[in-house]
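Student:
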Amino acid sequence: MRAGILGVGFMGWIHYLAYQASERAELVAFCSRDAGKRSGDWRGIKGNFGPPAEQIDVSQLATYETLDQMLADDSIDLIDICLPPHLHVDAVKKCLAAGKKVLCEKPLALTGEAAATLAAQAAPGQLLVAHILPFMPEFRFVADAAREGRFGKLLGGTFKRVIGPPDWIPDFYDADRVGGPLMDLHVHDAHFIRMLFGMPRSVFTRGRMRGDTPQYFESTFSTADPDVVLSACSGVIDQPGRPFTHGYEVHFEQATVRFEFAAFSDGESSLVPLVVFHADGSIEHPQLGDGDPVQSFVLEIDAAAAAVDEGQIHPALDGNIAADALRLCDAQLESVRTGKPVTIAE
Ligand SMILES: NC(=O)C1=CN([C@@H]2O[C@H](COP(=O)(O)OP(=O)(O)OC[C@H]3O[C@@H](n4cnc5c(N)ncnc54)[C@H](OP(=O)(O)O)[C@@H]3O)[C@@H](O)[C@H]2O)C=CC1
Ligand SMILES: O=C1CO[C@H](CO)[C@@H](O)[C@@H]1O
1 MRAGILGVGF
11 MGWIHYLAYQ
21 ASERAELVAF
31 CSRDAGKRSG
41 DWRGIKGNFG
51 PPAEQIDVSQ
61 LATYETLDQM
71 LADDSIDLID
81 ICLPPHLHVD
91 AVKKCLAAGK
101 KVLCEKPLAL
111 TGEAAATLAA
121 QAAPGQLLVA
131 HILPFMPEFR
141 FVADAAREGR
151 FGKLLGGTFK
161 RVIGPPDWIP
171 DFYDADRVGG
181 PLMDLHVHDA
191 HFIRMLFGMP
201 RSVFTRGRMR
211 GDTPQYFEST
221 FSTADPDVVL
231 SACSGVIDQP
241 GRPFTHGYEV
251 HFEQATVRFE
261 FAAFSDGESS
271 LVPLVVFHAD
281 GSIEHPQLGD
291 GDPVQSFVLE
301 IDAAAAAVDE
311 GQIHPALDGN
321 IAADALRLCD
331 AQLESVRTGK
341 PVTIAE
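Heads up: the sequence shown begins at 1 in UniProt numbering, then just goes up one per residue.
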């Protein structure tokens, strides 16, 4: 697969690193409005994980200032969209109309309806959405165990994704530009929950608001199975000392799986490495690799290459499931605002 990155910011840099390490995908071009970045100076890019951005070698890359110019390049199979959320829909539409395959960063759109409309317009495998969690070792472990029925039936669990004030993201709370903690942050867990448990039938969410946007919220999801007890907590707390936390406890009939990671602003961190508590009382500590965050993006990009080159669509990248995740977030938003449980259309 030959790819071109659209938008050179934090994710553009992380995806660039993943292409360098991938044996299945080749980065052949990128598009940036910024002349300095087009000449290879990516040092000003800010991010919150991975190595700092560097001066890159552009001698083997085509560089474009506009998407239209990059779309005219027939050597590119897939456009890898790393723009801010409010620009995703238009960019995806343009790429699809030009006959390109697309890998779009999450969230696919700012509402479930907009995302579902977009997904319906794409041919199978043409629209892939870069939801990273299923490619992270700790989340992949649970997804694989559920798919294989390794620990018996899924009984539910609880997910957590809490960040400090994301001051580096302009317009974070603007529903028309980024979507705030629900659409931009919790969407990771909404997508993972949708993958693991299917589409919940209803949700009840309570949250603290910042203007019209939920800032910190807890949700309980109901599925068709009355035994499943499932919840998630997400959002922003106002203490910058703990900029990022994520984790889960997932319950199966025969095992409980737990993991949690938190980064602190002083460079320290706290980690509950993935642990499996078995029904017979034994405890398992699976070894999940060296913790390099870029490696998960390599797997994500390799999966996109498998879709483009062989038509094998990894469910984690499926545009329809990404749209379902946003429909779930929409229902959570309605529930916070009305104070009532919301039924989700099938
Ligand atoms: N999967 C994950 O773990 C993460 C995913 N994300 C998602 O990735 C996407 C990008 O986020 P991130 O990389 O942090 O954002 P950044 O702001 O760092 O980068 C976005 C880039 O898009 C381009 N851009 C910005 N505004 C415009 C505009 N008005 N018109 C055209 N191009 C524009 C710029 O690139 P240039 O200067 O080259 O034109 C900019 O650097 C978001 O959807 C976000 O939710 C973000 C963080 C983590
Ligand atoms: O995982 C992440 C950390 O928080 C950011 C702010 O919501 C998200 O954009 C990003 O996807």
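For every residue, glycine included, the Cβ atom is placed at its ideal position computed from N, Cα and C.
Any heavy atom of ligand 2 closer than 6 Å to the beta-carbon of D238?
Tutor: No, since every heavy atom of ligand 2 falls outside the 6 Å radius drawn around the Cβ of D238.
Student: My guess is that G319 and L128 are in contact by the Cβ rule of under 8 Å, so how many angstroms apart are they, rounded?
Tutor: Indeed, because the Cβ distance is near 7 Å, the residues count as touching under 8 Å.
Student: Are the segment 102–116 and the segment 316–331 touching by the rule of at least three beta carbon pairs closer than 8 Å?
Tutor: Because the criterion of three Cβ pairs below 8 Å is met, the segment 102–116 and the segment 316–331 touch.
Student: Below 6 Å, is the gap between the Cβ of I163 and the nearest heavy atom of ligand 2?
Tutor: Correct: I163 has its Cβ closer than 6 Å to ligand 2.
Student: Could you pull the DSSP bridge partners for S231 from this structure?
Tutor: Answer is T158, T220, bridged to S231.
Student: Looking at T223: is its Cβ nearer than 7 Å to the Cβ of F192?
Tutor: No. Outside cutoff.
Student: For ligand 1, I want to know if D90 counts as a neighbour, meaning its beta carbon is within less than 6 Å of at least one of the ligand's heavy atoms.
Tutor: No, the Cβ of D90 stays beyond 6 Å of every heavy atom of ligand 1.
Student: When you compare the segment 271–291 with the segment 246–262, are there three or more beta-carbon pairs, one atom per stretch, that lie closer than 8 Å?
Tutor: Result yes; three or more Cβ-Cβ pairs closer than 8 Å.
Student: Do C31 and L78 count as a contact pair if the criterion is CB distance below 7 Å?
Tutor: Result no, Cβ atoms of L78 and C31 do not sit closer than 7 Å.
Student: Compute the Euclidean distance between the alpha carbons of R208 and P166, then round it to the nearest angstrom.
Tutor: Distance between the alpha carbons of R208 and P166 is about 17 Å.
Student: Distance check for T158 and G235, CA to CA, integer angstroms please.
Tutor: Rounded to whole angstroms, G235 to T158 spans 15 Å at the Cα level.
Student: Which of the three DSSP states, helix, strand or coil, is assigned to R206?
Tutor: It is a strand residue.
Student: Quick one: which unbroken beta strand (DSSP E) runs of 3-plus residues sit fully inside the segment 230–288? Chain order, please.
Tutor: Within the segment 230–288, the complete beta strand (DSSP E) runs of at least 3 residues are 244–252, 255–263, 269–278.
Student: Mind checking who P214 pairs with in its DSSP beta bridge?
Tutor: P214 pairs with M209.
Student: If contacts are defined as beta-carbon pairs under 8 Å, then L83 and A91 qualify, I think. What distance do you get, rounded to the angstrom?
Tutor: Yes, L83 and A91 are in contact; Cβ-Cβ is about 6 Å, under 8 Å.
Student: F217 and V203 - do their beta-carbons sit closer together than 7 Å?
Tutor: Contact flag unset, no.
Student: So, using beta-carbon positions, are A307 and I301 closer together than 7 Å?
Tutor: Cβ atoms of A307 and I301: not closer than 7 Å.
Student: Using DSSP's beta-bridge definition, name the partner residues of A3.
Tutor: Its beta-bridge partners are L27, L78.
Student: Classify L196 as helix, strand or coil using the three-state DSSP reduction.
Tutor: Reduced to three states, the DSSP call for L196 is helix.
Student: As a quick exercise: from R140, G241, D292, A255, pick the residue whose alpha carbon is nearest that of G281.
Tutor: With distances taken between Cα atoms, G281 lies closest to A255.
Student: Name the one or two DSSP bridge partners that T343 has.
Tutor: DSSP, once it has assigned bridges, lists S202 as partnering T343.
Student: Return the chain-ordered list of same chain residues with a C-beta closer than 6 Å to the C-beta of V142, the five sequence neighbours on each side being excluded.
Tutor: So the qualifying residues of the chain are V250, V257.
Student: In angstroms, rounded to a whole number, what distance separates the CA positions of A119 and D189?
Tutor: For A119 and D189, the distance between alpha carbons rounds to 20 Å.
Student: Among F135, A130, D74, which residue has its Cα nearest to the Cα of D292?
Tutor: Nearest C-alpha to D292: F135.
Student: Identify which residue in P315, S39, G47 has its Cα closest to the Cα of L61.
Tutor: Among P315, S39, G47, the Cα nearest to that of L61 belongs to S39.
Student: P107 and M195 - do their beta-carbons sit closer together than 7 Å?
Tutor: Not a contact, by the Cβ cut-off of 7 Å.
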